[in-house]
Amino acid sequence: MRQMKTPLFSGLLEHANRNPIQFHIPGHKKGMGMHPAFREFIGENALSIDLINIAPLDDLHHPKAMIKEAQDLAAEAFGADHTFFSVQGTSGAIMAMIMATCKPGDKIIVPRNVHKSVMSAIIFAGAVPIFIHPAMDERLGISHGITVKAVQKALETHPDAAALLVINPTYFGIAGDLREIVRTAHNYEIPVLVDEAHGVHIHFHEDLPISAMQAGADMAATSVHKLGGSLTQTSILNVREGLVDVDRVKTVMSMLTTTSTSYIFLASLDMARQHLALNGHLLAEQAMQLAEKARNLINEIPRIYCVGKEILGKPATFAMDPTKLLIHVRDLGITGWEVENWLRNKYNIEVEMSDLYNILCFVTAGDTEESIQTLVNALRDLSVEFAHVQAEEKPTISLPNIPLLSTTPRDAFYAETEIVPLAEAAGRVTTEFIMVYPPGIPIFLPGEVITEENIAYILENIRVGLPVQGPEDETLKTIKVVKRQTAISG
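Residue 0 is where the sequence shown starts when you use numbering that gives the first Met the number 0, and the numbers rise one by one after that.
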């Protein structure tokens with residue numbers, strides 16, 4: 000019954016209904032001070048609750064009333080000891096996890112295929128990343144998660160690490176054995192931080208991968224807006240007491256959060272939590288049924304393959320979220336990017352992502368039988384239109400060795416730099432990110448030593464047509480490196 004309450008949204012409505020005369024920001028004053036066309040489009044209801052942290056509405060930085068109650072209800076719903084609302088997206092919550100557990104010089108064990116917010120936080124914290132290669136899927140050209148065995152090896156080598164970060168589930172909906180990974184890290188009394196950007200819904204259905212809190216993780220940055228029904232840019236940070244200093248987490252969250260927090264955003268988190276707590280199982284069930292129907296129909300289409308449970312059974316593919324439709328199109332003889340553009344132009348369909356071999360579609364309870372059927376019909380037409388095209392031989396996807404870290408990413412990021420030809424850069428310390436799609440795993444990160452092997456790897460990927468991204472010089476002729484200091488002669 001407690002989960003029926005919506006203290007934040009209800010409090011905002013009560014305040015808006017009192018219709019006070021506003022002598023505070025935002026300056027549009029319930030929309031009257033903004034462009035009339037925009038006011039009309041957004042609507043009076045939304046503008047009436049576009050407010051700031053005046054006394055009756057509590058304060059996200061020091062919550063004592065409606066925001067505190069809303070966060071406590073979220074903690075209860077997600078099985079956490081504490082939950083903090085983020086209006087800085089999951090990126091802000093991920094940064095807070097890392098900066099609350101790592102100080103300058105601390106080691107943090109992370110998968111090589113982490114989101115850029117992880118590397119940003121490592122730079123801000125001055126931490127030292129210890130990378131684990133994720134498991135590769137040669138057929139699909141994507142990376143999965145990390146294995147228990149790889150985590151155990153990293154912990155044996157670095158038992159002094161300050162934290163371990165895990166992605167659960169991956170962008171493509173694949174999960175490793177998170178419970179065992181957590182147990183392994185806790186044997187070393189090392190906290191487990193989970194990037195749960197794509198897993199807000201998994202907590203609410205037994206046929207989905209287990210959530211970070213269910214697995215016993217210490218912190219999880221969980222994106223509510225992606226698949227949980229709140230507004231874009233809203234997320235939560237779930238925290239379990241024990242190996243994590245909750246007061247430090249609060250401090251870091253406050254440091255990273257705007258003082259002009261959006262109450263529309265906060266209210267959408269409050270309402271999404273209530274909806275998930277009361278109806279999350281039903282919503283997930285509806286989405287899974289729609290996705291399974293789509294998967295079965297897509298797999299009847301010649302030369303198109305939608306990944307299903309047959310992918311499970313290996314250490315890095317322990318469980319999957321079936322609401323993610325990973326659709327492999329390489330056998331059509333065209334790229335995923337071409338399919339994305341074709342669907343946009345011919346069917347007005349927008350997909351979540353495309354790469355060289357795949358497109359990715361998310362299915363939620365916001366979908367309908369009609370939207371699913373439109374996607375299937377479009378893919379049938381696609382198969383017919385490209386029936387005459389022959390698939391070229393698939394380039395081999397391999398992973399280069401992880402380079403030696405010469406200096407912390409932070410020191411490399413702030414170092415004086417110079418530009419050198421890539422072909423002559425072996426032995427230098429890079430200050431840039433370089434990665435290849437697929438699989439989207441960095442070849443170089445700031446602070447790493449460039450090797451002849453990895454230069455050859457980059458050039459080979461360019462030769463076979465795989466896109467290399469990251470450096471300022473998009474031609475890849477040059478790379479920025481730490482400037483060599485000239486000796487001072489006496």
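Here a beta-carbon is modelled for each residue, glycine too, at the ideal position from N, C-alpha and C. Quantities reported herein were computed from a predicted structural model and do not represent experimental measurements.
C-beta contact flag for residue i and residue j at 8 Å
i	j	result
Gly228	His274	yes
Lys321	Ala290	It is Pro, not Lys, that sits at residue 321 in the sequence shown. A contact, by the Cβ cut-off of 8 Å.
Leu230	Ile263	yes
Lys154	Glu188	Residue 154 is actually Leu in this sequence, not Lys. Taking 8 Å as the Cβ cut-off, Leu154 and Glu188 do not qualify as a contacting pair.
Ile297	Ile303	yes
Ile97	Ala124	yes
Ile440	Ser210	no
Leu342	Ala293	no
Val490	Val428	Residue 490 lies beyond the residue range present for the chain, which begins at 0 and ends at 489; the question has no answer from this structure.
Pro128	Ile107	yes
Ala15	Ile93	no
Phe84	Leu268	yes
Ser222	His197	yes
Spatial neighbours of residue i in its chain, beta-carbon cut-off 6 Å, leaving aside the 5 residues before and after
i	result
Glu417	Lys482
Ile122	Pro408, Arg409 and Phe412
Gly30	Arg38 and Leu46
Leu164	Val109 and Leu192
Ala64	Asp57
Ala276	Gln2 and Ala76
Leu207	Ile201 and Asp320
Leu59	Ile66 and Thr260
Own chain residues within Cβ distance below 8 Å of residue i, not counting five before or after
i	result
Pro301	Ser382 and Ala386
Glu452	Pro399 and Asn400
Ala491	No statement about residue 491 is possible, as the shown extent of the chain runs from 0 to 489 and does not include it.
Ile51	His23, Ile24, Pro25, Ser259, Thr260 and Tyr262
Asp80	Ala74, Val238, Arg239, Glu240 and Val245
Residue i, buried or exposed, once every other Cβ within 10 Å from all chains shown has been counted against 16
i	result
Ala120	buried
Gly520	Past the edges of the chain, shown from 0 to 489, lies residue 520, and the structure says nothing about it.
Lys479	buried
Leu403	exposed
Leu282	buried
Arg329	buried
Ala271	buried
Glu384	exposed
Pro35	exposed
Glu195	buried
Asp472	exposed
Pro438	buried
Any chain C beta carbon closer than 8 Å to residue i
i	result
Ala422	Judged by its chain identifiers, the structure shown contains no chain C, having just a single protein chain.
Own chain residues within Cβ distance below 7 Å of residue i, not counting five before or after
i	result
Ala95	Leu236, Val248, Val251, Met252 and Leu255
Ala266	Leu7, Phe8, Leu11 and Ile48
Lys308	Met319
Gln232	Val86, Gly88, His224 and Phe264
Gly446	Leu404, Ser405, Thr406, Thr407, Pro408, Asp410, Ala411 and Val428
Leu374	Ala293, Ile348 and Cys360
Glu339	Val350, Ser353 and Ile358
Gly469	Glu431, Phe432, Ile433 and Met434
Alpha-carbon to alpha-carbon, residue j and residue i
i	j	result
Gly78	Met212	6 Å
Thr82	Val388	52 Å
Ala73	Ala216	17 Å
Val86	Arg462	42 Å
Glu240	Asn167	20 Å
Met352	Arg17	45 Å
Gly279	Ala214	19 Å
Asp244	Ala99	8 Å
Phe317	Glu205	14 Å
Asp71	Lys4	11 Å
Cys305	Lys345	21 Å
Asn376	Ser370	10 Å
Arg559	Lys28	Residue 559 is absent from the structure shown; the chain starts at 0 and stops at 489.
Ile457	Tyr356	19 Å
Ile433	Ile131	17 Å
Glu423	Lys476	10 Å
Asp105	Leu444	18 Å
Ile333	Asn460	18 Å
Lys393	Lys148	30 Å
One or two residues paired with residue i in a DSSP bridge
i	result
Gln468	Met434
Val191	Leu163
Tyr304	His327
Glu447	Leu404
Glu417	Val480
Phe84	Ile235
Leu359	Leu325 and Met352
Asp269	None, per the DSSP bridge assignment.
Phe130	Val109
Ala220	Asp194 and Leu236
Residue i: CB within 7 Å of a non-hydrogen atom of the ligand ZN
i	result
Phe40	Ligands displayed in this structure: none; no statement on the ligand ZN is therefore possible.
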